[in-house]
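**Q** In mature numbering (1 follows the signal peptide of the UniProt record, and there is no 0), the protein residues as written are -15 to -1, 1 to 305. All C-beta atoms in this analysis are idealised placements derived from N, C-alpha and C, irrespective of residue type, glycine included.
#1: Quick check: the region -15 to -6 against the region 90 to 106, are at least 3 beta-carbon pairs closer than 8 angstroms?
#2: To the nearest angstrom, how far is the alpha carbon of residue 270 from that of residue 54?
#3: For residue 132, collect the residues of the same chain with a Cβ closer than 6 angstroms to its Cβ; drop the 5 residues on either side in sequence, then sort them by chain order.
#4: For residue 64, count neighbouring Cβ atoms within 10 angstroms of its own Cβ and tell me buried if that reaches 16, exposed if not.
#5: Write down every uninterrupted run of the beta strand (DSSP E) in the region 51 to 82 whose length is 3 residues or greater and which is fully enclosed by it, in chain order.
#6: Taking the alpha carbon of residue 137 as the reference point, which residue from 159, 148 and 116 has its own alpha carbon closest?
#7: Between the alpha carbons of residue 202 and residue 75, how many angstroms are there, rounded?
#8: What's the call for residue 161, buried or exposed, on a 16-neighbour Cβ count within 10 Å?
#9: Determine which residues share a DSSP beta bridge with residue 48 and list them.
#10: Which residue or residues does DSSP assign as beta-bridge partners of residue 86?
#11: Over what stretch of residues does the alpha helix (DSSP H) that includes residue 103 continue unbroken?
#12: Does the Cβ-Cβ distance between residue 3 and residue 73 come in under 9 angstroms?
#13: Under a three-way DSSP split, which group does residue 2 fall into?
#14: Between which two residues does the alpha helix (DSSP H) harbouring residue 187 extend?
#15: Would you decide whether residue 113 is buried or exposed? Buried here means 16 or more other CB atoms lie within 10 Å of its CB.
#16: Just to confirm my understanding: we take residue 88, look at its own chain, exclude 5 residues before and 5 after, and list those with CB closer than 6 angstroms. What are they?
#17: Determine the extent of the alpha helix (DSSP H) in which residue 149 is found, giving its start and end residues.
#18: Looking at residue 306: is its Cβ nearer than 9 angstroms to the Cβ of residue 78?
#19: Between residue 38 and residue 44, what straight-line distance do the alpha-carbon atoms span, to the nearest angstrom?
#20: Compute the Euclidean distance between the alpha carbons of residue 66 and residue 120, then round it to the nearest angstrom.
#21: Could you check how far apart the C-beta atoms of residue 99 and residue 156 are, in whole angstroms? I think they sit under 8 angstroms.
#22: Please report the straight-line C-alpha distance between residue 62 and residue 182, rounded to a whole angstrom.
#23: Count the other C-beta atoms from every protein chain shown that fall within 10 angstroms of the C-beta of residue 59, then say buried if there are 16 or more, exposed otherwise.
#24: Alpha carbon to alpha carbon, how far is residue 118 from residue 104?
#25: Per DSSP, what kind of secondary structure is residue 284 in: helix, strand or coil?
#26: Measure the alpha-carbon distance for residue 194 versus residue 123 and round it to whole angstroms.
#27: Closer than 6 angstroms by C-beta to residue 134: which residues in its own chain qualify, once you throw out the five before and the five after it? Chain order, please.
#28: Give the range of the alpha helix (DSSP H) segment to which residue 168 is assigned.
#29: What did DSSP end up calling residue 133 once you bin it into helix, strand or coil?
#30: Under a Cβ-count criterion, where at least 16 other Cβ atoms within 10 Å of its own Cβ denotes burial, should residue 11 be classed as buried or exposed?
#31: With H, G and I counted as helix, E and B as strand and the rest as coil, what does DSSP make of residue -13?
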């Protein structure tokens, strides 16, 4: 029961996701003294912001990166998970077995879950070995005969022995990470970097930081109603250099019936004037239709679903 609760706490909680900014920070808001020395040659082409900043931790300068997806400077030990697509505080790794990132807010539960699973496997393994030994003594037989008389014990011995190698090795590895105050991400990424670890506070203080420190509150309100941000909309007017009127008819298709709606002749003229104000729009590799051969607006209304289709066609035939 304890292992199931720890699994739910690990997989169901917020690992420490940092909310995204609705827009990039202003260059004036950045502390110039904290910018990296090579920021002039490493500016983001999209925002013009430096890609790295210098942060001093325990007397050691650490570079923090700018996340172009979340539009923020990541705090120290934070990384962007490519699977969850979020920046996570004290990012350790993304665990596919629990379907969740392991970060600042759930690392404690993750380690307790893995270590408890290891202890459970060892407990079952020892009990099964004792049971097989008792069967051997009771029936005065060998190991195989005892396993035949108690097949479940034999199956559990093999299963728990294999599982212990995996979860036991994982527990031992994370004990080493806690003792040295590292994360899995830092250990694999900086294993060849011989710089001093700025987060190492000593053996005892490192364990206190993981198991005794207060878990911070979540920065996200997952039950809040999502709001459409103005920065998320496409600025069409800036792209075309014109202003699109909100009164422009929008009756191209009937989504319920799956048929194209008809457009009155007056509305067709309004559409033609509205689109004509944008100037010539380039066609991007689309297939040419028969009416592409005509002039810009020598198109019959029936081609776009207008009502006076037959009359207009007869008028053109008489003229020719």
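**A** So, from the listed chains and residues:
#1: With a cut-off of 8 angstroms, the region -15 to -6 and the region 90 to 106 count as touching, because enough Cβ pairs lie within range.
#2: Here residue 270 refers to the residue found at position 285 when the chain shown is read from its first residue. Here residue 54 refers to the residue found at position 69 when the chain shown is read from its first residue. At residue 270 the pLDDT is 46, less than 50, meaning the model places this residue with poor confidence and gives no usable figure here.
#3: One-based indexing of the chain shown puts residue 132 at position 147. Correct list, in chain order: 139.
#4: Mapped onto the chain shown, residue 64 falls at position 79. Flag for residue 64 reads buried.
#5: 64 to 66, 71 to 73 and 78 to 80
#6: In the chain shown, the residue the question calls residue 137 occupies position 152. Nearest C-alpha to residue 137: 116.
#7: Taking the chain shown and counting its residues from 1, the one referred to as residue 202 is at position 217. Taking the chain shown and counting its residues from 1, the one referred to as residue 75 is at position 90. When rounded, the distance between both Cα atoms is 14 angstroms.
#8: The sequence position of residue 161 within the chain shown is 176, counting from 1. When all chains shown are included, residue 161 counts as exposed.
#9: For the purposes of this step, residue 48 is identified with residue 63 of the chain shown, where counting begins at 1. Residue 48 is bridged to 39.
#10: On the chain shown, residue 86 is found 101 positions in, with the first residue counted as 1. Paired residue(s): 79.
#11: For the purposes of this step, residue 103 is taken as the residue at position 118 of the chain shown. Where residue 103 is concerned, the enclosing alpha helix (DSSP H) stretches over 92 to 124.
#12: For this step, residue 3 is matched to residue 18 along the chain shown. For this step, residue 73 is matched to residue 88 along the chain shown. Yes, these two residues count as a Cβ contact at 9 angstroms.
#13: Translated into positions along the chain shown, residue 2 becomes position 17. In this structure, residue 2 counts as strand in the three-state DSSP scheme.
#14: Numbered from 1 along the chain shown, position 202 holds the residue referred to as residue 187. Where residue 187 is concerned, there is no enclosing alpha helix (DSSP H), given that its DSSP letter is neither H nor E.
#15: The residue labelled residue 113 in the question sits at position 128 within the chain shown. Buried is the call here.
#16: Numbered from its first residue, the chain shown carries residue 88 at position 103. Cβ within range, chain order: -1, 1, 73, 74, 75 and 76.
#17: Your numbering for residue 149 matches position 164 in the chain shown. Its alpha helix (DSSP H) spans residues 136 to 165.
#18: Residue 306 lies beyond the range of the chain shown here (-15 to 305); nothing can be said about it.
#19: Taking the chain shown and counting its residues from 1, one reaches residue 38 at position 53. Taking the chain shown and counting its residues from 1, one reaches residue 44 at position 59. Those two C-alpha atoms are separated by around 15 angstroms.
#20: Mapped onto the chain shown, residue 66 falls at position 81. Mapped onto the chain shown, residue 120 falls at position 135. Rounded to whole angstroms, residue 66 to residue 120 spans 51 angstroms at the Cα level.
#21: The sequence position of residue 99 within the chain shown is 114, counting from 1. The sequence position of residue 156 within the chain shown is 171, counting from 1. Between residue 99 and residue 156 the beta-carbon gap is near 5 angstroms, inside 8 angstroms, which marks them as a contact.
#22: Within the chain shown, residue 62 is the residue found at index 77, counting from 1. Within the chain shown, residue 182 is the residue found at index 197, counting from 1. Going from the Cα of residue 62 to the Cα of residue 182 covers about 12 angstroms.
#23: Translated into positions along the chain shown, residue 59 becomes position 74. With 16 or more other Cβ atoms within 10 Å, it is buried.
#24: In the chain shown, counting from the first residue as 1, residue 118 sits at position 133. In the chain shown, counting from the first residue as 1, residue 104 sits at position 119. In a straight line, the C-alpha of residue 118 is about 21 angstroms away from that of residue 104.
#25: For the purposes of this step, residue 284 is taken as the residue at position 299 of the chain shown. Reliability of the predicted coordinates at residue 284 is poor, the pLDDT of 46 falling under 50, and no value is obtained from them.
#26: By one-based count along the chain shown, residue 194 stands at place 209. By one-based count along the chain shown, residue 123 stands at place 138. Within the model, the alpha-carbon separation for residue 194 versus residue 123 is close to 51 angstroms.
#27: As a working mapping, residue 134 is identified with position 149 in the chain shown. Hits under 6 angstroms: 120.
#28: Looking up residue 168 in the chain shown gives position 183. If you look at residue 168, you'll find it isn't in any alpha helix (DSSP H); DSSP assigns it neither H nor E.
#29: By 1-based counting over the chain shown, the position of residue 133 is 148. The answer is helix: DSSP assigns residue 133 an H, G or I state.
#30: One-based indexing of the chain shown puts residue 11 at position 26. Counting of Cβ neighbours within 10 angstroms places residue 11 among the exposed residues, the total staying below 16.
#31: By one-based count along the chain shown, residue -13 stands at place 3. Helix.
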